[in-house]
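*Asks:* For the sequence shown, numbering that gives the first Met the number 0 gives the first residue as 0, with consecutive numbering after it.
Attaching a single structure in structure tokens format; questions to follow.
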Amino acid sequence: MTQSDLGGAALWSPPQRDFLESLRLELDSKVELSLHPSPIEPPLDRADAPPERPGTRILFFGIPSDYGVAFLLDLLLHDYNVVGIVTSGRGELGRFPADRFDAIAAELGLPKCTLKNVNAPESLALFRPHAPELIAIASLDQIFKAELLNLPRLGCVNVHPSLLPSYRGPDPRYWEIFEEASEGGITIHLIDERIDAGVCLHQAAVPIGPEDSWGTLAKRCVQAGLPLLRRAIDELSDGTAVGSALDLTTGSYHPAARPGPIDWSAPAAEIDRLVRAGSPDKPPFTYWQGQQVYVTKAKPATCAGGAPPGTIVEVEVGLIHVAAADAEIEVSELRVHDEHGCLVPFDVSAITGGTLG
Numbered sequence: 000m001t002q003s004d005l006g007g008a009a010l011w012s013p014p015q016r017d018f019l020e021s022l023r024l025e026l027d028s029k030v031e032l033s034l035h036p037s038p039i040e041p042p043l044d045r046a047d048a049p050p051e052r053p054g055t056r057i058l059f060f061g062i063p064s065d066y067g068v069a070f071l072l073d074l075l076l077h078d079y080n081v082v083g084i085v086t087s088g089r090g091e092l093g094r095f096p097a098d099r100f101d102a103i104a105a106e107l108g109l110p111k112c113t114l115k116n117v118n119a120p121e122s123l124a125l126f127r128p129h130a131p132e133l134i135a136i137a138s139l140d141q142i143f144k145a146e147l148l149n150l151p152r153l154g155c156v157n158v159h160p161s162l163l164p165s166y167r168g169p170d171p172r173y174w175e176i177f178e179e180a181s182e183g184g185i186t187i188h189l190i191d192e193r194i195d196a197g198v199c200l201h202q203a204a205v206p207i208g209p210e211d212s213w214g215t216l217a218k219r220c221v222q223a224g225l226p227l228l229r230r231a232i233d234e235l236s237d238g239t240a241v242g243s244a245l246d247l248t249t250g251s252y253h254p255a256a257r258p259g260p261i262d263w264s265a266p267a268a269e270i271d272r273l274v275r276a277g278s279p280d281k282p283p284f285t286y287w288q289g290q291q292v293y294v295t296k297a298k299p300a301t302c303a304g305g306a307p308p309g310t311i312v313e314v315e316v317g318l319i320h321v322a323a324a325d326a327e328i329e330v331s332e333l334r335v336h337d338e339h340g341c342l343v344p345f346d347v348s349a350i351t352g353g354t355l356g
């Protein structure tokens with residue numbers, strides 16, 4: 000039996016469900032998922048708290064990226080008993096303006112908090128009144144310690160976007176694409192105090208194509224992971240979950256991806272992988288006339304190289320050809336930082352010639 004089969008009155012009113020569906024349709028329409036979706040204003044009036052209902056009490060942890068929002072929305076639209084939302088207040092992840100977690104919490108009357116340390120005594124004191132039986136995690140930059148791990152009786156289940164134990168770490172899709180892995184995937188696992196460790200409950204492989212970016216691979220990983228998270232919650236709730244310990248003596252660990260400069264003297268195929276691995280949120284950068292520009296769409300051209308690396312060989316409408324070591328690169332999308340530090344589109348046609356680098 001699934002958690003949504005437990006019966007009772009519909010949890011959300013028709014307008015609330017319409018709101019959730021509108022967010023889901025927005026995600027479905029995206030070609031690439033993003034760590035930094037466009038801002039959304041929460042409703043002016045906060046809804047009353049939803050009534051008590053049957054089903055496992057789930058405290059949801061994540062960041063309001065497209066990835067995190069997708070898993071939260073899926074649980075809510077399938078009437079899982081989410082009793083609160085917790086997000087991180089660390090670093091750049093703590094600077095989301097008017098995010099979708101805020102909007103969802105206000106629309107549904109759910110409690111939501113942003114915490115720099117989820118393990119702090121004052122944080123645990125916030126969680127306990129909600130009596131969570133299970134914690135579900137979809138993208139969080141904090142490692143749980145023993146007291147938090149032991150808070151929910153059914154454990155803490157995480158969604159990791161790789162086939163663990165391969166590609167442990169915060170940015171598996173980046174490294175999978177850059178290292179030319181043939182497949183990525185999704186892992187649903189009960190966590191412990193180590194990084195990307197614990198007990199594997201479910202996995203699904205996702206093939207990686209030659210044109211995949213971080214964002215397109217993220218979308219397919221989410222699509223594969225949504226039913227697996229629900230299945231894991233159902234099995235943990237009814238006592239039928241079966242898992243196996245992740246063997247950390249195998250697999251691999253990779254650090255966080257950091258945007259860096261493009262070396263135009265590298266092979267075109269390597270530059271192509273670097274751009275795809277970072278698109279849309281962690282792209283590599285270059286310089287044109289002293290201005291830093293980020294390359295978010297590029298691919299090797301069919302014509303051979305010959306000009307010095309970084310030379311803008313040809314300018315077309317919305318497209319420039321740049322010389323690399325062994326071929327030209329067609330650059331079709333650039334971004335720059337605005338006054339708020341956000342990446343915004345930059346007109347490729349503004350580049351009229353010269354050299355990048």
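Ideal Cβ placement from N, Cα and C applies to all residues, glycine included.
According to DSSP, Thr113 sits in a beta bridge with which residue or residues?
*Replies:* Taking the sequence shown and counting its residues from 1, one reaches residue 113 at position 114. Bridge partners of Thr113: Thr86.
*Asks:* Work out the CA separation of Ile84 and Phe126 for me, nearest whole Å.
*Replies:* Numbered from 1 along the sequence shown, position 127 holds the residue referred to as residue 126. Numbered from 1 along the sequence shown, position 85 holds the residue referred to as residue 84. So the alpha carbons of these two residues sit roughly 10 angstroms apart.
*Asks:* Quick check on Lys218: does DSSP put it in helix, strand or coil?
*Replies:* As a working mapping, residue 218 is identified with position 219 in the sequence shown. In this structure, Lys218 counts as helix in the three-state DSSP scheme.
*Asks:* With contact counted as at least three CB pairs below 8 angstroms, one residue from each stretch, are the segment 223-233 and the segment 277-294 in contact?
*Replies:* no
*Asks:* Do you know offhand how far Ile194's Cα is from Gly168's?
*Replies:* Indexing the sequence shown from 1 puts residue 194 at position 195. Indexing the sequence shown from 1 puts residue 168 at position 169. C-alpha separation (whole angstroms): 7 angstroms.
*Asks:* Are the beta-carbon atoms of Ala276 and Phe345 separated by less than 9 angstroms?
*Replies:* Reading the sequence shown from its first residue, position 277 is the one you call residue 276. Reading the sequence shown from its first residue, position 346 is the one you call residue 345. Cβ atoms of Ala276 and Phe345: not closer than 9 angstroms.
*Asks:* Do Thr186 and Leu216 have their CB atoms nearer than 9 angstroms?
*Replies:* Taking the first residue of the sequence shown as position 1, residue 186 is located at position 187. Taking the first residue of the sequence shown as position 1, residue 216 is located at position 217. For Thr186 and Leu216, no; Cβs fall outside 9 angstroms.
*Asks:* In angstroms with no decimal places, state the Cα-to-Cα distance between Cys220 and Leu273.
*Replies:* Residue mapping note: residue 220 aligns to position 221 of the sequence shown, counting from 1. Residue mapping note: residue 273 aligns to position 274 of the sequence shown, counting from 1. Taking the straight line from one Cα to the other gives about 20 angstroms.
*Asks:* Name the residue from Leu235, Ala297, Gly67 whose alpha carbon lies nearest to the alpha carbon of Glu210.
*Replies:* Taking the first residue of the sequence shown as 1, we reach residue 210 at position 211. Considering only alpha carbons, the answer is Ala297.
*Asks:* Cβ of Val198 within 9 angstroms of Cβ of Pro131?
*Replies:* Counting from one through the sequence shown, the residue named residue 198 turns up at place 199. Counting from one through the sequence shown, the residue named residue 131 turns up at place 132. Cβ atoms of Val198 and Pro131: not closer than 9 angstroms.
*Asks:* Let me know the beta strand (DSSP E) ranges lying completely inside the segment 244-300, each 3 residues or longer, listed in chain order.
*Replies:* Listed in chain order, they are 284-287.
*Asks:* Which whole-angstrom value describes the C-beta separation of His206 and Ser181, a residue pair presumed to lie in contact below a C-beta threshold of 8 angstroms?
*Replies:* Residue numbering aside, residue 206 sits at position 207 when the sequence shown is read from its first letter. Residue numbering aside, residue 181 sits at position 182 when the sequence shown is read from its first letter. Per the sequence shown, the amino acid found at residue 206 is Pro instead of His. The pair is a contact, with the Cβ atoms about 7 angstroms apart (cut-off 8 angstroms).
*Asks:* Run through DSSP, which three-state label would Ser28 get?
*Replies:* For the purposes of this step, residue 28 is identified with residue 29 of the sequence shown, where counting begins at 1. Judged by DSSP in its simplified three-state form, Ser28 adopts coil rather than helix or strand.
*Asks:* Answer yes or no: the CB of Ser138 versus the heavy atoms of the ligand GTP, is any distance below 8 angstroms?
*Replies:* This structure lacks the ligand GTP; in fact it carries no ligand of any kind.
*Asks:* Assess, as a yes-or-no matter, whether the segment 35-52 is touched by the segment 99-116 under the definition of 3 or more beta carbon pairs within less than 8 angstroms.
*Replies:* The segment 99-116 makes contact with the segment 35-52: 3 or more CB pairs, one atom from each, lie closer than 8 angstroms.
*Asks:* Please work out which residues of its chain come closer than 8 angstroms, Cβ to Cβ, to Glu31, disregarding the five sequence neighbours upstream and downstream, and give them in chain order.
*Replies:* Counting from one through the sequence shown, the residue named residue 31 turns up at place 32. For Glu31, where only same-chain residues beyond five positions count, the Cβ hits under 8 angstroms are Ser212, Trp213, Gly214, Thr215, Ala217, Lys218, Ser278, Pro279.
*Asks:* Please return the same chain residues whose Cβ sits closer than 8 angstroms to the Cβ of Cys302, not counting the five positions on each side in sequence.
*Replies:* Walking along the sequence shown from the start, residue 302 turns up at place 303. Excluding positions up to five away in sequence, the list reads His320, Ala326, Glu327.
*Asks:* For the candidate residues Ser28, Asp78, Thr55, Trp11, whose alpha-carbon lies nearest to that of Ala48?
*Replies:* One-based indexing of the sequence shown puts residue 48 at position 49. If we check each option's Cα against that of Ala48, Trp11 comes out closest.
*Asks:* What number of angstroms, rounded off, separates the C-alpha of Ile190 from the C-alpha of Val316?
*Replies:* Translated into positions along the sequence shown, residue 190 becomes position 191. Translated into positions along the sequence shown, residue 316 becomes position 317. Whole-angstrom Cα-Cα distance: 50 angstroms.
*Asks:* Looking at the structure shown, is Val347 part of a helix, part of a strand, or coil, going by DSSP?
*Replies:* Taking the sequence shown and counting its residues from 1, the one referred to as residue 347 is at position 348. Three-state result, Val347: helix.
*Asks:* Pick helix, strand or coil for Ser138, following the three-state DSSP scheme.
*Replies:* As a position in the sequence shown, residue 138 is number 139, starting the count at 1. It is coil, neither helix nor strand.
*Asks:* Return the Cβ separation of Val158 and Gly224 in integer angstroms, given the expectation that the two are a contact with Cβ distance under 8 angstroms.
*Replies:* Numbered from 1 along the sequence shown, position 159 holds the residue referred to as residue 158. Numbered from 1 along the sequence shown, position 225 holds the residue referred to as residue 224. Indeed they touch by this definition, with Cβ atoms about 5 angstroms apart.
*Asks:* Is it the case that the Cβ atoms of Pro299 and Ala265 are separated by a distance below 9 angstroms?
*Replies:* Looking up residue 299 in the sequence shown gives position 300. Looking up residue 265 in the sequence shown gives position 266. For Pro299 and Ala265, no; Cβs fall outside 9 angstroms.
*Asks:* Check whether the Cβ atoms of Phe59 and Leu76 lie closer than 9 angstroms to each other.
*Replies:* As a first step, residue 59 is located in the sequence shown; it is residue number 60 there, counting from the start. As a first step, residue 76 is located in the sequence shown; it is residue number 77 there, counting from the start. No, they are not a contact pair.
*Asks:* Given this structure, state the Cα-to-Cα distance separating Lys115 from Ala203, to the nearest angstrom.
*Replies:* Taking the first residue of the sequence shown as 1, we reach residue 115 at position 116. Taking the first residue of the sequence shown as 1, we reach residue 203 at position 204. C-alpha of Lys115 to C-alpha of Ala203: approximately 32 angstroms in a straight line.
*Asks:* Got a sec, what are the start and stop residues for the beta strand (DSSP E) Glu327 sits in?
*Replies:* Within the sequence shown, numbered from 1, the residue matching residue 327 stands at position 328. 326-336 is the span of the beta strand (DSSP E), which, as asked, contains Glu327.
*Asks:* I need the straight-line Cα distance from Gly61 to Pro282, nearest angstrom please.
*Replies:* Numbered from its first residue, the sequence shown carries residue 61 at position 62. Numbered from its first residue, the sequence shown carries residue 282 at position 283. Computed Cα separation, rounded: 23 angstroms.
*Asks:* Name the residue from Pro120, Asn118, Gly154 whose alpha carbon lies nearest to the alpha carbon of Ile134.
*Replies:* The residue labelled residue 134 in the question sits at position 135 within the sequence shown. When only C-alpha atoms are compared, the closest one is Gly154.
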